[in-house]
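Engineer:
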Amino acid sequence: MLSHFEKLHTHLKVVYQYPTLKDQETRFRNAGWTSATARTLWELWGDDEFLPPDQRRRLDAIEPFDEWEEFALFGGHYLLLVAATSASTREADNSQVQIQHANAKLDMQPVPRDGCESSLRRFGAAYSHRSKVIYHGGYGEKTRLSDCDIYTADATYEGKFELQPGKSGPIMCQTITNVASGDDLFLLAGGRESPSKAVASTWLVTSTGRSISAESFNSNRVFNGRYRHCAVPVLIDNRSDAPGVLIYGGKSDASTVLGDFLLFDLKKQSWSFVLSVESEQCCGLPPARFGASMCHSEHFTSIGEQSGILMGGISKDGTILSDVWEWTLSWQDGSPAIKCTERTGEMGLNNRSIPFARFGAAIVPLSNHFLLIGGVTNDRITGWNEEILLISLGPERWIRPVQMPACPSPRPLFVGIGATQADDKIVLVGGGAVCFSMGSFWNAKSYSLRLDYEQEMSSASPEESCGKEAAEMQTNGSQSIVEGSKPENGSSSPAIKQIGRTTVRTKEEFDAIVAAGQPVILTDLDIGPCVDLWTPEYLLSRIGADRPVIVHSCPTSRMTFQTKNFSYLKQNFGDFIKDVTAGGQLYLRSVASTQPAKHPTQLSKDFPSLATDFRLPDVLSAVTEGAHSSPLRISGPVTLWLHYDVLANVLCQIRGAKRLRLYPPGDVALLAYPPGASSSNIDVYAPADELSPAQRAALARAHPHEAFLRPGDVLFIPPAWSHTARPDEDVSVAVNVFWRNLEKEVYAAGRDVYGNRDIAAYEEGRKAVDKIVKGFDGVPRDLRMFYLERLMGELRDGAEGAEEVERK
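The opening position of the sequence shown corresponds to residue 36 in our numbering, with each subsequent residue numbered one higher.
(1) Quick one: grab the DSSP three-state call for residue 763.
(2) Mind checking who residue 684 pairs with in its DSSP beta bridge?
(3) Which term fits residue 351, buried or exposed, when burial requires 16 or more other beta carbons within 10 angstroms of its beta carbon?
(4) Tell whether a beta-carbon distance below 8 Å holds between residue 702 and residue 738.
(5) If you reduce the DSSP assignment to three classes, tell me which class residue 824 lands in.
(6) Skipping 5 residues on each side, what residues in its chain have a beta carbon closer than 6 Å to that of residue 527?
(7) Of the choices 440, 556 and 766, whose alpha-carbon is the least far from that of residue 539?
(8) For the ligand COA, is there any heavy atom lying closer than 7 Å to the beta carbon of residue 288?
(9) Count Cβ pairs between the region 612-631 and the region 586-598 that sit closer than 8 Å; are there 3 or more?
(10) Taking the DSSP output, what are the residues bridged to residue 117?
(11) What does residue 694 pair with, by DSSP beta-bridge criteria?
(12) Cα-Cα, which of 788, 478, 272 and 210 is closest to residue 262?
(13) Between residue 577 and residue 300, what straight-line distance do the alpha-carbon atoms span, to the nearest angstrom?
(14) Take every Cβ of the region 772-782, pair it with every Cβ of the region 704-718, and state whether three or more of those distances are shorter than 8 Å.
(15) Do you know how far the Cα of residue 443 is from the Cα of residue 689?
(16) What do you reckon, are the CB atoms on residue 769 and residue 695 nearer than 8 Å?
(17) Does residue 167 come out as helix, strand or coil in the three-state DSSP assignment?
(18) In chain order, what residues of the same chain have a beta carbon less than 8 Å from the beta carbon of residue 717, not counting five sequence neighbours either side?
(19) Indicate whether the contact test is met: 3 or more Cβ pairs, each with one atom in the region 467-482 and one in the region 416-427, closer than 8 Å.
(20) For residue 433, which residues does DSSP report across the bridge?
(21) Within the same chain, show all residues whose beta-carbon is closer than 6 Å to that of residue 582, passing over the 5 residues directly before and after it, in chain order.
(22) Within the region 355-402, note down every full beta strand (DSSP E) run reaching 3 residues or more, in order along the chain.
(23) Distance check for residue 559 and residue 449, CA to CA, integer angstroms please.
(24) Across which residues does DSSP place residue 161 in a beta bridge pair?
(25) According to the neighbour-count rule (16 or more other Cβ atoms, all chains shown, within 10 Å of its Cβ), is residue 445 buried or exposed?
(26) Confirm, please, whether the CB-CB distance from residue 323 to residue 294 is below 8 Å.
(27) Can you tell me the Cα-Cα spacing of residue 36 and residue 279, whole angstroms?
(28) What's the gap between the Cα of residue 176 and the Cα of residue 399?
(29) When the Cα atoms are used, what is the spatial distance from residue 41 to residue 434?
(30) Start and end of the alpha helix (DSSP H) containing residue 62?
(31) Closest to residue 68 by CA distance: which of 117, 594 and 436 is it?
(32) Per DSSP, what kind of secondary structure is residue 801 in: helix, strand or coil?
(33) Helix, strand or coil: which one does DSSP assign to residue 94?
(34) Would you call the region 235-246 and the region 193-208 in contact, with 3 or more CB pairs under 8 Å?
(35) If residue 549 and residue 657 are in contact, beta carbons under 8 Å, what's the gap, nearest whole angstrom?
(36) Is residue 261 helix, strand or coil by DSSP?
Below, the structure is given as C-alpha cells:
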C-alpha cells in the first residue's frame, strides 16, 4: 500500500510516525483534543451499531462477492478517528493485553522459487503424498488454474502436472482430502468458478494424479455445490477398513451460507446427511459459516469416537465468528450422528488477547494439538507473533501463539496459502492477495516449518501420565512448560510455567509428589458431592441467611496488602451471597465460629451442615492425618494479594474456575516481603506504570508458574510457594486443607491460627540477626559493612553447603 502511494507521490509519512491506532489517538490528544477514538474500517464493518446485519446482508444482492480476505486487509489498514473537545466520545479498547505463549518454538525455512516455472497461486487445495506436497488449482496471476505444483517436504519446487483424464477444470476454494489408508486416494470436492457458481462435482484422485469422476457416488445429490467448506478424513463406523470424509459448511452461491454436515463413504460409494445429536452439553449445530477451520484429532476419544475442532469462519451476517467447537462423530444404529460442544469459554482467552477468531486460516493436526495458520481476524491486522496459534483440546484446553522466528522481509502473507504435513514438517505454499487498485502481493517463497515443544506438552493421555514412577515426578516436577508469556503488568518477564495435571492412585504416589516440593494439579479425585451440590442457593439453604460472616470488601478488582485497599465487612451470609452472585468484589475466608482469634477454622466444626458433602480421598491420608485447618473460600471477581503459607496445603476447587499465579521459594527476595511478614508488598497483576522501576526489574527476574483450576481439581501448594488467586468465571467456591508435612519440631511453638507462622529456625534466626547487627553499634560504617558482607557470605556458603549435603 505504501509503495502505491509513493508511486503517486502522495507519501503517507504520518504512518511511519504514528503506525498504530493507539498512536493516532495519542497524536490527537497531544494536539489538544479531550478524547479521541480510532477504529479500523474492518472493525467498524463488524460493529452492529455502526452497520446493522441486515445492511451487510443486503450487499449480497448487489454483487456476488468472495474477496473477504482482501476486504479485511484493506479495511484493516484504514481508520476512522473521532476526536472531540468533550469526554463524551466512546473510548476504543486498543490496549495490548499480555498473552501467554505456548512453549512451542517454530523453525521456519524459506525456500525461494526464483527461476522456477511454478505458478503464483492462491486459494487452491494442498495435500501430501508420502514426501511430496501437491498444490492444486486456485487463482493465478490472471485466472483460475486447473494444474498442480509439486513440492518436496522441505518446500522445494519440483514441477507441474495435470490431473488426468477427468480433471476438474479451473477452480478455487475446493478441498482435497485423504480418503484411504496409505495416502493413495484423495477426494476432491466442490470449489467454485465464480462466487455465484459453486461446483457440485467430486473426483477421486490417485497417488499418480489420475482423476476419476465420482459423480455416480452422488446420485442422490446429497453433495450440492459448495465452496469454502471444510473437509476431514474419518473412519466409517470407526472401522479402519471403511474410510470416509466428513464435510461441513461453506457457501452454495454468493449469498447462501451452509451449516450442515455431510459424510462420504468410499466403501458404499455414497453420500449421506449427518444428523445432529443434542444433550445437556451439546447444543445442536454451530451457526452456519464458510471459510472456517476444521480438523480431526489423531486420537479417538475414551469411548472410541472420532472428534476434532471447528472454529472461525464468516457467518451469514458477514462477520467472523469468535467461537470454538469440538465435534464428535458417532454411529447410532449404523447411521452417522454428530455432537457439537462449544468450548470457547473453556479456552481461557478472549479475542483481544489472542486473535483466535479467523477466516480462511489453515489448520493442521499435530498429535493432540492443532496448528492454526494465517487467515484474517475480526478486529485488526494480525501481528507476526500472532500468525500461528497452537490449540489444545486435551485435559488442558487452550489456544496460544507459538514462538515465532524473526520476521523475514518482506513478511510473508499467510492468506490463501496451502498448508499440509509432509514427513515431520509442515509445508506452506502459495498465497497472496489483491489490494484492490493498489495491485497484488504474492508470496515469492514457500516455507518449511518445524515445531519444537517440550515433552510435557505431548499427547500422552492422563491415564498414561499417571502411571509414571514417583521418582520421575520428583525429577520433572510434574509440570508442563508454557513459555514466552508476560505478566499482566507488561514488565519483561521469563516464561510462565504452566503447572501440570496428574492423577494419583496410591498414598505413595501422593507422598512422592509432596516430597518433590513442586505444585501439581491432581485430577479425578473424589472430594464428595460438593462439586455438584454447592451452588449459591444450596450453600444459602445449608448455612442459613442469618449467619454472620466477615468478608473482605474491595472497591477494585485487586486487593493489595501494601495499600490495604480493602475493608473488613460484617454481613449476614444471605446478604453476602446476594452481593457476590451479583458481581460484588467480595472475598470470604472462613474463620472459626467460636474464638476465631485462638482456633483455626475447621469445615466440619464451623459448617457442620456441609461436612458430609466434602471429603478427601484415602490417597491424601497424609493431609487428613496432619490437618491443621480447612477454611471455606467464596469469592467474587477480586484477586487476593500475593502471600505464602508455611504449611503445605491442597486447594480443592468446588465451583467456578480459578487462576493462580505461583512463585517458587527461591524468588522470595524478588517479591518485596517485609522482614517477618508472609504477605508481599508487590502487586504482580499491576500495570507497569503502577510499579516502581525496582519492582519491574524484580519481576523480570522471577519465575512465575500458573495453574488453572476447574471444579473437582485439587492443587497441591508446597510450603513457601508464594501465590495469588483470582476467579476466572462466576463465583468461586473452594476449600483449603492445610497440614504439617514436616516434623513437629520444625514448626514454631505456640498459636498459629492461619498456618502462616514461620518455622522456628527462621524466628530464632531473626533474633540472631538483630543481635549481630546491634553488635556492630559504634563501628564505622565502612568497617561495619565490610564485616557484615563477610558474614552474609559465610551464611550463603553455609546454606549452599547444607544443600550439597542433602543432594549427596
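Note that beta-carbon positions come from the ideal geometry of N, C-alpha and C, so glycine has one too.
Structural biologist: This is what the structure holds:
(1) In this structure, residue 763 counts as strand in the three-state DSSP scheme.
(2) Bridge partners of residue 684: 752 and 773.
(3) Buried is the label assigned to residue 351, since at least 16 other Cβ atoms lie within 10 Å of its Cβ.
(4) Contact annotation: residue 702 and residue 738 have beta-carbon atoms nearer than 8 Å.
(5) The DSSP-derived three-state label of residue 824 is helix.
(6) With a pLDDT of only 47 at residue 527, under the threshold of 50, the placement of this residue in the model should not be trusted, and no figure is reported.
(7) The residue with the shortest Cα to Cα distance from residue 539 is 556.
(8) Ligands in the displayed structure: none, and consequently the ligand COA is not present.
(9) Yes: the two stretches touch, three or more of their Cβ pairs being nearer than 8 Å.
(10) According to the DSSP secondary-structure assignment, residue 117 is paired through a beta bridge with 72.
(11) According to DSSP, residue 694 bridges with 743 and 761.
(12) Residue 210 is the option with its Cα nearest to residue 262.
(13) Straight-line measurement puts the Cα of residue 300 at about 56 Å from the Cα of residue 577.
(14) Output reads no: the region 704-718 does not touch the region 772-782.
(15) So the two alpha carbons sit approximately 48 Å from each other.
(16) Result no, Cβ atoms of residue 769 and residue 695 do not sit closer than 8 Å.
(17) Here residue 167 sits in strand by DSSP.
(18) Same-chain partners within the cutoff: 597, 677, 706, 707, 726, 730, 733 and 734.
(19) With a cut-off of 8 Å, the region 416-427 and the region 467-482 do not count as touching, because too few Cβ pairs lie within range.
(20) Bridge partners of residue 433: 427.
(21) Here the set comprises 608.
(22) Restricted to the region 355-402, the beta strand (DSSP E) segments that are unbroken, complete and at least 3 residues in length are 359-367, 370-377 and 397-401, listed in chain order.
(23) Rounded to the nearest whole angstrom, the CA to CA distance from residue 449 to residue 559 is 41 Å.
(24) Residue pairing by DSSP puts residue 161 in a beta bridge opposite 170.
(25) Answer is exposed; the Cβ neighbour count stays below 16.
(26) The criterion of a C-beta distance shorter than 8 Å is satisfied by residue 294 and residue 323.
(27) Cα-Cα distance, rounded: 44 Å.
(28) Answer to the nearest angstrom: the Cα atoms are 27 Å apart.
(29) Cα to Cα, residue 41 sits roughly 39 Å from residue 434.
(30) Where residue 62 is concerned, the enclosing alpha helix (DSSP H) stretches over 56-65.
(31) Comparing Cα positions, the closest option is 117.
(32) Helix.
(33) Here residue 94 sits in helix by DSSP.
(34) The region 235-246 is in contact with the region 193-208.
(35) Sure, about 7 Å apart at Cβ, within 8 Å.
(36) Residue state, collapsed to three classes: coil.
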